[in-house]
Structures are given as C-alpha cells and as structure tokens.
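**Student:** Heads up: the sequence shown begins at 1 in full-length UniProt numbering, then just goes up one per residue. A virtual CB, placed ideally from N, CA and C, is assigned to each residue, including glycine. Quick caveat, the model's predicted, so the values are computed rather than measured.
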Amino acid sequence: MPSHLLPVASPSVPTQGEPSCDRAADGEPHALRFAGLRLVHAALRRDLARLPNSLRLIQPGEDEKGAALLRHWTFVTAMLTCHHEQQDTRLWPLVRRFAPELRLLLNWLEADHHNLDHSFTRVTTLVRIASRDAGSAWPVAYAMEDLAARLETHLRIEERQLLPRMELVFAGSSRLGSLPELLDLLRAADGPGTADALAWLLDGVEPAVVEQLIAECDDDVARNWPHWQATYQRCTAPLWGPADVREHLAD
1 MPSHLLPVAS PSVPTQGEPS CDRAADGEPH ALRFAGLRLV HAALRRDLAR
51 LPNSLRLIQP GEDEKGAALL RHWTFVTAML TCHHEQQDTR LWPLVRRFAP
101 ELRLLLNWLE ADHHNLDHSF TRVTTLVRIA SRDAGSAWPV AYAMEDLAAR
151 LETHLRIEER QLLPRMELVF AGSSRLGSLP ELLDLLRAAD GPGTADALAW
201 LLDGVEPAVV EQLIAECDDD VARNWPHWQA TYQRCTAPLW GPADVREHLA
251 D
C-alpha cells in the first residue's frame, strides 16, 4: 500500500485527551463508540503537534534522530492512508446506505481524503530532505504545521457532523469503527503492522482506558501488548524522550 531563528524547547505532550470513555456511576469506563476512528484522530493530532518542533531541534550531525523522525513521519502518513481507505471503502458505503442524507458530506470527505493524501506525500519528500539537512528544518516544519491545520478542519467535520449521526444509525454493539475492526483491517492490508499501529494509537491514552481497549481485542494482542508498548517507546525515545520523562514533564 502506498504511504503514502533560535531553537525552542520541544513542547511536552500531556496525557492524550481523546479518546476518553464515559464512566458509569460505579466509576467503571463504558466502551468507547467508534474507538478505532477516534484513536486515529487523537494520535494524528498528538504527533502533528510535536513532530514540527522535533524537526526544528535536530542539530547537524544528529543523523540517528533525523532517521528516526523520517521513519515516524512515514509511519504516520501510512496510518493516515490506511485510515482513509478504511473509511472510503468500508465505512462510508454503509453510512450512505443507512443515512443517505449524508451522501453529499461523504462525497466531500472522500475528495478531501485524496487531497490530504497527496499533500502528505509532498511533505514526506520535504521531510526526507530536512531529516538529513538541519538547515532546511524550519520551512519544512512550517509545512508540517500548515498540513496539520488542514487536517484538523477535516477531523472536526467528521467528529461534529458525522459521528453523532453514526451513533444513532449503528447499534452500540456493532464492531464498525471499533479498535478490533481496525486491527483486523490492518492485518489484511499491506500497511503498518499491528504492533506498531496499536502502540501508536494508545500512546498517551489514560491507562484505565488502555486496559479496557486491550481487553476488547483478541488474546494475541493482550498477550503481546506489554512488549509492543515497550518496543515502541524505545524506538520513539530519540524523538521526544523516554516515556517516563515525558510523563514527568506533563505533570
């Protein structure tokens, strides 16, 4: 699948605000509707908020950090592409069937998916250059931020105009848009691996919510999750520091 000035301190990333689960009277979190979709949205926002500054902070000779940033940007782009393909080929046809009044909105979202995918591909070319040339980091970081602003508009339209309607159309027990469904689709596609995708999706999510989401997945995911999480944190540490340091800065 195609996957497609002075230095300033890198911003600390707080505990991920989205997605969150509603809580029952006994304090136990309820299942999150369309968790797969919401997790992708939250992870995209999180990384597009911190990647530009991480790029700005790369110094000449920091080849390892530059390579790690390029790998992560490429991964984020691949996850976005998979997310769009899942929506266009699986989710939107079902929404059109059961909520035909949304067809014009869905047509616009599909067209914007293509525009965003092309924009991410173009920025990937720039990131590839900037990851090896610290002198070009600032303009490329600004290009990342412009792209993040465009994507934010798209995500808000989906969340405010589409997801509330989907909650009325599809039963609460439906797997549509769930985390297990997303992982199944990633396994079937030529895209990011399940381990990397899950660790990326749950990075910064409240531990109680993570526990509930993992419990909804199959036994293989639950068994391997601690190893996947540790590997992901080790691989991303060159970009924004070890997880324990990030949590301390966020407090």
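Along the alpha helix (DSSP H) that carries S54, what are the first and last residues, could you check?
**Tutor:** Taking the first residue of the sequence shown as 1, we reach residue 54 at position 54. A35 to R56 is the extent of the alpha helix (DSSP H) around S54.
**Student:** Taking the C-alpha atoms as reference points, what is the distance between L5 and R223?
**Tutor:** By 1-based counting over the sequence shown, the position of residue 5 is 5. By 1-based counting over the sequence shown, the position of residue 223 is 223. Note that L5 has pLDDT 30, beneath the 50 cutoff, so the model's placement of it is unreliable and no number is given.
**Student:** Under the rule that 16 or more other beta-carbon atoms within 10 Å means buried, what is D22, buried or exposed?
**Tutor:** As a first step, residue 22 is located in the sequence shown; it is residue number 22 there, counting from the start. Annotation note: pLDDT 46 at D22 (below 50); position unreliable, no value reported.
**Student:** Would you check if the stretch 194–205 and the stretch 227–235 touch, i.e. whether three or more CB-CB distances between them fall below 8 Å?
**Tutor:** A contact exists between the stretch 227–235 and the stretch 194–205.
**Student:** At which residue ranges does the stretch 146–212 contain complete alpha helix (DSSP H) runs of 4 or more residues, listed in the order of the chain?
**Tutor:** As far as the stretch 146–212 is concerned, its whole alpha helix (DSSP H) runs of at least 4 residues are 163–169, 179–188 and 194–202.
**Student:** Are the Cβ atoms of R50 and A137 separated by less than 7 Å?
**Tutor:** Locating residue 50 in the sequence shown gives position 50, counting from the first residue. Locating residue 137 in the sequence shown gives position 137, counting from the first residue. Cβ atoms of R50 and A137: not closer than 7 Å.
**Student:** Give the secondary structure of Q87 by DSSP, where H, G and I count as helix, E and B as strand, and everything else as coil.
**Tutor:** Stepping through the sequence shown from its first residue, residue 87 is reached at position 87. Here Q87 sits in helix by DSSP.
**Student:** Only counting the same chain, and skipping five residues up and downstream in sequence, which positions put a Cβ closer than 7 Å to that of E167?
**Tutor:** Counting from one through the sequence shown, the residue named residue 167 turns up at place 167. Once the five neighbours on either side are set aside, the close Cβ partners of E167 are R33.
**Student:** What's the gap between the Cα of P93 and the Cα of E110?
**Tutor:** As a first step, residue 93 must be located in the sequence shown, where it is residue number 93. As a first step, residue 110 must be located in the sequence shown, where it is residue number 110. So the two alpha carbons sit approximately 11 Å from each other.
**Student:** Near R175, what residues of its chain come up, given a Cβ to Cβ distance below 6 Å and the 5 sequence neighbours on each side ignored?
**Tutor:** For this step, residue 175 is matched to residue 175 along the sequence shown. Within the same chain, R175 has close Cβ partners E181.
**Student:** If you drop the 5 nearest sequence neighbours on each side, which residues of the same chain put their C-beta closer than 6 Å to that of V40?
**Tutor:** Start at 1 with the first residue of the sequence shown, and residue 40 comes out as number 40. Answer for V40: H83, listed in chain order.
**Student:** What do you get for P178, buried or exposed, if any count of 16 or more other CB atoms within 10 angstroms of its CB means buried?
**Tutor:** Indexing the sequence shown from 1 puts residue 178 at position 178. For the record, residue 178 in the displayed sequence is Ser; it is not Pro. It is buried - the Cβ of S178 has at least 16 other Cβ atoms within 10 Å.
**Student:** Just mark H114 as buried or exposed, buried being the case when its beta carbon has 16 or more other beta carbons within 10 Å.
**Tutor:** Working through the sequence shown from its first residue, we reach residue 114 at position 114. Looking at its Cβ environment, which holds fewer than 16 other Cβ atoms inside 10 Å, H114 is exposed.
**Student:** Beta-carbon within less than 6 Å of L183's beta-carbon, same chain only, minus the 5 sequence neighbours each way: which residues are those?
**Tutor:** Residue 183 sits at position 183 when you count from the first residue of the sequence shown. Taken in chain order, the residues that qualify are T194.
**Student:** According to DSSP, is G135 part of a helix, a strand, or is it coil?
**Tutor:** For the purposes of this step, residue 135 is taken as the residue at position 135 of the sequence shown. The answer is helix: DSSP assigns G135 an H, G or I state.
**Student:** Does T236 pass the burial test, meaning 16 or more other C-beta atoms within 10 Å, or should it be called exposed?
**Tutor:** The residue you call residue 236 lines up with position 236 of the sequence shown. Flag for T236 reads buried.
**Student:** Return the chain-ordered list of same chain residues with a C-beta closer than 7 Å to the C-beta of A35, the five sequence neighbours on each side being excluded.
**Tutor:** The count along the sequence shown starts at 1 and reaches residue 35 at position 35. Correct list, in chain order: P19, S178, L179 and L213.
**Student:** Using the three-state DSSP reduction, which class does P238 fall into: helix, strand or coil?
**Tutor:** In the sequence shown, counting from the first residue as 1, residue 238 sits at position 238. Reduced to three states, the DSSP call for P238 is helix.
**Student:** Is the CB-CB distance between residue 295 and V123 below 7 Å?
**Tutor:** Residue 295 falls outside the range modelled here, since the chain spans only 1 to 251, and no answer is possible.
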